[in-house]
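Undergrad:
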Amino acid sequence: MLSFTDYRLQQREYLLRIARAMTSELGLSDVLRLVIEHAVTLLAGQAGLIALRRSDGTFGIVASYGIERETLRRFAPLLQDIPPEVLADDRTQRVHPWLQRRLAAIASSIDIQFGDAVSMPLTIADDLIGVIFIFRGLEAQFTPMDRQLLADFADIAAIAVRNAQLFQQVLDERRQLQTLVAHTEEGVAILDPGGYIRLFNHALTRMTGWPASDAIGQPAREVIAVVDDAGKPIRAPDIPLVQSQGDEQPQRLEGWLIRRDGTQGPYVGITLSPLYDNSGQLFSIVVNFQDVTRFKEAEDLKSTFVSVISHELKTPLALITGYAETLGREDVRWDKKTMREGLAIIREESARLNRLIEDLLDA
């Protein structure tokens, strides 16, 4: 027969094996399943459940063992108005009368005989994240040693659950970010420090003709080609691998994208934003592509318009000025015919200039 010391050592060893199994899992649902299965097995229970605390302070059942899914909702009264002492980390107390009464009412409603129950909070640094309930049949009662064992187990389980919650939170945030990036109208690529593409969204596929499946894993310089108005390649600025003062500022350039088939794509404004870790090492580069083709075309049209209008305005003004200065010379006496012809040209060019101005005002 095992001595008490050997028995405790055996329990500790079992707890360590359980801890390794739980911490090897990162998915929250898998961790919760392992926690409740091991908790019931460890205490030789009949059934059990885990309730996690919601953001509003209420509790919700998230995992169970030995309880039919259809009857699980009948255990909701266990989670309503739980007295603080039930959630206290008291490792010696017997089953609380409140818990005993609620359990008796639940058992009678689902025709299951639970003779005893034990609860233990899941806490991290005094932060209550949930509670474990373990149930036994009529043949056996929980002892203070059982409660102590469950408390030791709950310490490990709480860490595993919190880690899984944090991992799930990261996954959810990453999924939200990926969805946002995938469906934004602007092109987005994320590069690793070596310049290899790790993310390539739908908008960038539309701009470049490169499917994400082909672009990801390729060096960015082989996928993204940008040229100026003269067709000369534009080289992206170097991004320092180690952060120094001012490196956090994004770098910008503009040019025409060259599509995968060699044709000219949209005119884009490109922003390169380096991301550094806490040690100042570059770990990612976010490249944003904004299609500004319409603005570019509008700017070019404006330049052409100004050039044409400038020429059209200067021509009559030059003639008016020239004839006015010529006719106004005091060292020459012009005959009437020459004066009439010169004044006629001034009137014609003045009328032409007036029409140009009216057309501009009506445009």
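In my numbering, each residue carries its 1-based index in the sequence shown increased by 19.
We put the CB at the ideal spot given by N, CA and C, even for glycine.
All figures in this text were calculated on a predicted structure; none of them were measured in a lab.
Can you round the beta-carbon distance between residue 254 and residue 235 to whole angstroms, since I take them to be within the 8 Å contact cut?
TA: 22 Å between Cβ atoms; not a contact.
Undergrad: Could you give the first and the last residue of the continuous alpha helix (DSSP H) run that contains residue 174?
TA: 163 to 202
Undergrad: If we count Cβ pairs, one from each stretch, closer than 8 Å, do we get three or more for the region 165 to 172 versus the region 81 to 99?
TA: no
Undergrad: Please classify residue 189 as buried or exposed, where buried requires at least 16 other C-beta atoms within 10 Å of its C-beta.
TA: exposed
Undergrad: Select from 360, 139, 155 the residue whose C-alpha is nearest the C-alpha of residue 167.
TA: 139
Undergrad: Excluding the five sequence neighbours on either side, which residues of its own chain have a C-beta within less than 7 Å of the C-beta of residue 269, listed in chain order?
TA: 290, 291, 292
Undergrad: Applying the 10 Å Cβ sphere with the 16-neighbour rule, what's the burial state of residue 213?
TA: exposed
Undergrad: Just how far apart, CA to CA, sit residue 96 and residue 68?
TA: Pairing residue 96 with residue 68, the inter-Cα distance amounts to about 13 Å.
Undergrad: Since residue 372 and residue 358 should fall inside the 8 Å C-beta cutoff, what is the C-beta to C-beta distance between them, to a whole number of angstroms?
TA: Actually they do not touch by this definition, with Cβ atoms about 21 Å apart.
Undergrad: Could you tell me whether the region 198 to 208 touches the region 178 to 189, using the rule of 3 or more Cβ pairs below 8 Å?
TA: no
Undergrad: Take the Cβ of residue 378 as the centre, count every other Cβ of all protein chains shown within 10 Å, and call the residue buried at 16 or more, exposed below.
TA: The residue in question, residue 378, is exposed, as its Cβ has fewer than 16 Cβ neighbours within 10 Å.
Undergrad: Have a look at the DSSP bridge pairing and note the partners of residue 149.
TA: 71, 141
Undergrad: Would DSSP call residue 125 helix, strand or coil?
TA: helix
Undergrad: If you check the beta carbons only, do residue 209 and residue 74 fall under 7 Å apart?
TA: no
Undergrad: Give the straight-line distance between the Cα atoms of residue 21 and residue 84, rounded to the nearest whole angstrom.
TA: Only weak support exists for where residue 21 lies, its pLDDT of 48 falling under 50; the coordinates are left without a value.
Undergrad: Can you tell me which of the three DSSP states residue 298 falls into?
TA: coil
Undergrad: By how many angstroms is the C-alpha of residue 295 removed from the C-alpha of residue 301?
TA: 4 Å
Undergrad: Measuring only the C-alpha atoms, how far is residue 375 from residue 348?
TA: Rounded to whole angstroms, residue 375 to residue 348 spans 29 Å at the Cα level.
Undergrad: For the alpha helix (DSSP H) containing residue 89, list its first residue and its last residue.
TA: Segment: none, residue 89 is in no alpha helix (DSSP H) and carries neither H nor E.
Undergrad: Judging by CA-CA distance, which residue of 151, 135, 182 is the nearest neighbour of residue 162?
TA: Comparing Cα-Cα distances from residue 162 to each of 151, 135, 182, the minimum goes to 135.
Undergrad: Using C-beta distances below 7 Å, list every residue in its chain close to residue 339, excluding the 5 sequence neighbours before and after it, in chain order.
TA: 365, 368, 369
Undergrad: Do residue 246 and residue 274 have their C-beta atoms within less than 7 Å of each other?
TA: yes
Undergrad: Quick one, are the C-beta atoms of residue 38 and residue 55 less than 7 Å apart?
TA: no
Undergrad: Is DSSP giving residue 307 helix, strand or coil here?
TA: strand
Undergrad: Cα-Cα, which of 199, 164, 92, 79 is closest to residue 31?
TA: 164
Undergrad: DSSP three-state call for residue 210: helix, strand or coil?
TA: strand
Undergrad: Please report the distance separating the alpha-carbon of residue 343 from that of residue 361.
TA: 8 Å
Undergrad: Determine the direct distance from the alpha carbon of residue 199 to that of residue 151, and round the result to whole angstroms.
TA: 37 Å
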